[in-house]
Amino acid sequence: MHRRLLASALLAAALSLPPAAASAADPPASLTLEGTARDFRGYDLPAGQGLPRGHIDFENASGFESGIVRTTLGPDGTPVYNKGELGAGSATTHGRAAFEQWFADTPDVNLAEPIALSIARQPNGRYRYDASGGFFPLDGSGWVRAGKEPARTGSDNLPHNFSFTVELHSEIRYTGGETITVTGDDDIWIFVNGRLAADVGGVHGPASSTVDLDQQAASLGLVRGALHDVDVFVAERKTSGSTLRIDASRLGFDAGSATLPASSRPGETLSCAVADWPADVALSYAWLRDGAPIAGADGATYAVTGADAGSAVACRVTGTRRTSASVTSAAAQVIGGAPVDPGGPPVTPPGGPSPGPALPAPAPAPAPAPAVTVTESPGALTRSRSVRVAFAVDPAAASYECRLDDGPWERCVSPHERSGMRAGGHRIEIRAVTADGRRGESAVRGFQVNPYAPGLRLLGGALRANADGAVALQIACSAREGDGSGACEGTVRLQRTTGTGSRARTVVLGRASFAAAAGRAVGVNARLTPAARRLLAGARGGRLPVRVVLDGRDLAGNRGTISFARMLRG
180 MHRRLLASAL
190 LAAALSLPPA
200 AASAADPPAS
210 LTLEGTARDF
220 RGYDLPAGQG
230 LPRGHIDFEN
240 ASGFESGIVR
250 TTLGPDGTPV
260 YNKGELGAGS
270 ATTHGRAAFE
280 QWFADTPDVN
290 LAEPIALSIA
300 RQPNGRYRYD
310 ASGGFFPLDG
320 SGWVRAGKEP
330 ARTGSDNLPH
340 NFSFTVELHS
350 EIRYTGGETI
360 TVTGDDDIWI
370 FVNGRLAADV
380 GGVHGPASST
390 VDLDQQAASL
400 GLVRGALHDV
410 DVFVAERKTS
420 GSTLRIDASR
430 LGFDAGSATL
440 PASSRPGETL
450 SCAVADWPAD
460 VALSYAWLRD
470 GAPIAGADGA
480 TYAVTGADAG
490 SAVACRVTGT
500 RRTSASVTSA
510 AAQVIGGAPV
520 DPGGPPVTPP
530 GGPSPGPALP
540 APAPAPAPAP
550 AVTVTESPGA
560 LTRSRSVRVA
570 FAVDPAAASY
580 ECRLDDGPWE
590 RCVSPHERSG
600 MRAGGHRIEI
610 RAVTADGRRG
620 ESAVRGFQVN
630 PYAPGLRLLG
640 GALRANADGA
650 VALQIACSAR
660 EGDGSGACEG
670 TVRLQRTTGT
680 GSRARTVVLG
690 RASFAAAAGR
700 AVGVNARLTP
710 AARRLLAGAR
720 GGRLPVRVVL
730 DGRDLAGNRG
740 TISFARMLRG
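Each residue of the sequence shown is one higher than the one before, starting from 180 at the first, in this note's numbering.
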């Protein structure tokens, strides 16, 4: 058959094909989280240049502190202060009025700028944003750019703009097995469905918290299959480090479908039919000719013109909620008015063009291997050397395979248990296998085994109380804590024991709270009680032997107590 006759036959057959729909899209390679960053001036900066003194909650107190915010977001979608009314405060905050400026635009107090973080999809299917090396979204902007705050030297010995807050907004569809882990400093709060899911408050080194939607479904009011809001609030309140890492099973939402007829002709109107989009997304459209955007074509319909003849026309649909998702339909082939074949005019046989052979229907694609829904898994940090992962069994799966730490895949059943785990970070993967040998995407659960008491040290030798009765102490957290990403927190007591046997009596002279990231030391002041100050003043030579007792815990929940003998001078 002449090649033009063959082309006519194929185009005629195309008229009978079903509509062209978008193929099932892979999860996007990246997601964009949008929000707001607000820059503050530290409390160590005096009033001047038409501005008040720096904000009292920044460059001030230190220490882990939970319970700063209430368990539900306020009407404006931001955290609500939970430590007292006006004039009251807490270990690291200074009242409701000051806190309400953290996530609200406040003239002469903060400068707000939009922020967008790109979260990349990892080979294991999870999404990650990693600024563990330094999270400084306002470097070169804010009050530093305005010349009303100096850049401060960070732990990397580089100048940065500290003292800021960040709020990020996304969503997640709860289907089972989803987790969100956030690591950073200082304060971090995660709200899901408007309810507090993770509380890592206070001024501290890098610390982590994991939200397990299965374990917290009831308290968060989650509905399986529904889309729920995710809100992350972060505050960087003191030098010299700032980090942020987000690791999530998935954020955002999946795109729906976009469908066009298989073919069209100049003069006809194409309608981009959409389905399976969340009800509360705003849809926008763009039309493409052979993959290139068509100028001015941004509606749900498109009038086909002669310029489209011989081309493939498709529609791209973008849904926007808190994040956005896009899908492009399969193209409609525009028939008629095609350019003349340089080989000559078409030859039409008597009786009209031959319809050609009927095109065979494509073979149906096999159903994908089922996804794995994890129903039980260890927390991000665990003290136990034995772990257990359970998953829902799908009838479409002939069997399941599991592996630990990128080792060999092994056949497994639910629950899958491992014992004798070494200390450190681990990950378990589970995937379904169909009867014909196809393997689905693996579900991944990462965790860290830490069975040891926190590694704490008291630095320095003799202690000295100043005129106000404050004793400066330096407390170090082991660099091995949490494989270098953990933290130590607790209380320090200065005490003295008098007498022996049944007459022994221990008196606490002063105490303080501490929090230090792994490999870091933190300075705290333990304030002596009035009785302790009198005791020290009356001691021979102004010297008093004491014991310094550290009661510590780590992020895995391990606890330990260690004490040191020291001489206290007045």
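For glycine and all other residues, C-beta sits at the position ideal for the given N, C-alpha and C. Keep in mind that this is a model prediction, so the values were computed, not measured.
{"Item": "CB-CB under 7 Å to P472, same chain, minus the five flanking residues each way: which ones, in chain order?", "Value": "A465"}
{"Item": "Cα separation between Q301 and G698?", "Value": "28 Å"}
{"Item": "May I have a chain-ordered list of the beta strand (DSSP E) segments no shorter than 3 residues that lie completely inside the stretch 281-337?", "Value": "289-300 and 306-310"}
{"Item": "Does R738 come out as helix, strand or coil in the three-state DSSP assignment?", "Value": "strand"}
{"Item": "Distance check for P254 and G669, CA to CA, integer angstroms please.", "Value": "35 Å"}
{"Item": "Helix, strand or coil for E660, going by three-state DSSP, please let me know.", "Value": "helix"}
{"Item": "So for P440, helix, strand or coil by DSSP?", "Value": "coil"}
{"Item": "For the candidate residues G404, C591, S349 and V288, whose alpha-carbon lies nearest to that of W322?", "Value": "V288"}
{"Item": "What is the C-beta distance between H605 and V628, in whole angstroms, given that I count them as a contact (C-beta under 8 Å)?", "Value": "6 Å"}
{"Item": "Assuming R275 is part of the alpha helix (DSSP H), what are its boundary residues?", "Value": "R275 to F278"}
{"Item": "Quick one: Cα of L729 to Cα of R217, how far?", "Value": "37 Å"}
{"Item": "Could you tell me the boundaries of the alpha helix (DSSP H) in which R699 lies?", "Value": "From DSSP, R699 is part of no alpha helix (DSSP H); its letter is neither H nor E."}
{"Item": "Per DSSP, what kind of secondary structure is G721 in: helix, strand or coil?", "Value": "helix"}
{"Item": "If you measure from the CB of E357, is any heavy atom of the ligand GDP nearer than 7 Å?", "Value": "Within the structure as shown, the ligand GDP is missing, as the structure has no ligands at all."}
{"Item": "On a CA-only basis, which of T499, G634 and D733 is nearest A658? Give me that one, please.", "Value": "G634"}
{"Item": "Name the two residues that bound the continuous beta strand (DSSP E) containing S463.", "Value": "A461 to R468"}
{"Item": "From which residue to which residue does the alpha helix (DSSP H) around S450 run?", "Value": "It is not in any alpha helix (DSSP H) - S450 instead sits in the beta strand (DSSP E) that spans T448 to S450."}
{"Item": "Rounded to whole angstroms, what is the Cα-Cα separation between W456 and C656?", "Value": "49 Å"}
{"Item": "What are the complete beta strand (DSSP E) segments, minimum 3 residues, inside the stretch 336-375?", "Value": "343-352, 358-364 and 367-371"}
{"Item": "So, helix, strand or coil for A510, using DSSP?", "Value": "coil"}
{"Item": "With L406 as the anchor, note down where its beta strand (DSSP E) starts and where it stops.", "Value": "L406 to E415"}
{"Item": "Can you list, in chain order, the residues of its chain whose CB lies under 6 Å from that of G381, leaving out five sequence neighbours each side?", "Value": "G242, F243, E244 and T271"}
{"Item": "Contact between the stretch 294-314 and the stretch 616-625 is defined here as three or more beta-carbon pairs at a separation below 8 Å; is this criterion met?", "Value": "yes"}
{"Item": "Where does S751 land, buried or exposed, given buried means 16+ other C-beta within 10 angstroms?", "Value": "Absent from the structure is residue 751, since the part of the chain shown begins at 180 and ends at 749."}
{"Item": "Can you check whether the CB of G263 is closer than 8 Å to the CB of E238?", "Value": "no"}
{"Item": "By DSSP, does D218 sit in helix, in strand, or in coil?", "Value": "strand"}
{"Item": "Helix, strand or coil, according to DSSP, for S565 in the structure here?", "Value": "coil"}
{"Item": "Could you check where the alpha helix (DSSP H) with A711 kicks off and where it finishes?", "Value": "P709 to A716"}
{"Item": "With DSSP as the reference, label R682 as helix, strand or coil.", "Value": "helix"}
{"Item": "Which residues in the same chain as L252 place their Cβ atom closer than 6 Å to its Cβ, once the five residues preceding and following it in sequence are excluded?", "Value": "F370 and G373"}
{"Item": "Going by Cα to Cα distance, which pick from P630, I654 and Y631 is closest to A640?", "Value": "The displayed chain sequence assigns Gly, not Ala, to residue 640. Closest by alpha carbon: I654."}
{"Item": "Excluding the five sequence neighbours on either side, which residues of its own chain have a C-beta within less than 8 Å of the C-beta of H339, listed in chain order?", "Value": "G313, F315, D318, A330, R331, T332, G333 and S421"}
{"Item": "Cα separation between D223 and H273?", "Value": "15 Å"}
{"Item": "Pick helix, strand or coil for L399, following the three-state DSSP scheme.", "Value": "helix"}
{"Item": "Taking the beta carbon of L439 as the centre, do at least 16 other beta carbons fall within 10 Å, making it buried, or is it exposed?", "Value": "buried"}
{"Item": "Taking the beta carbon of S681 as the centre, do at least 16 other beta carbons fall within 10 Å, making it buried, or is it exposed?", "Value": "exposed"}
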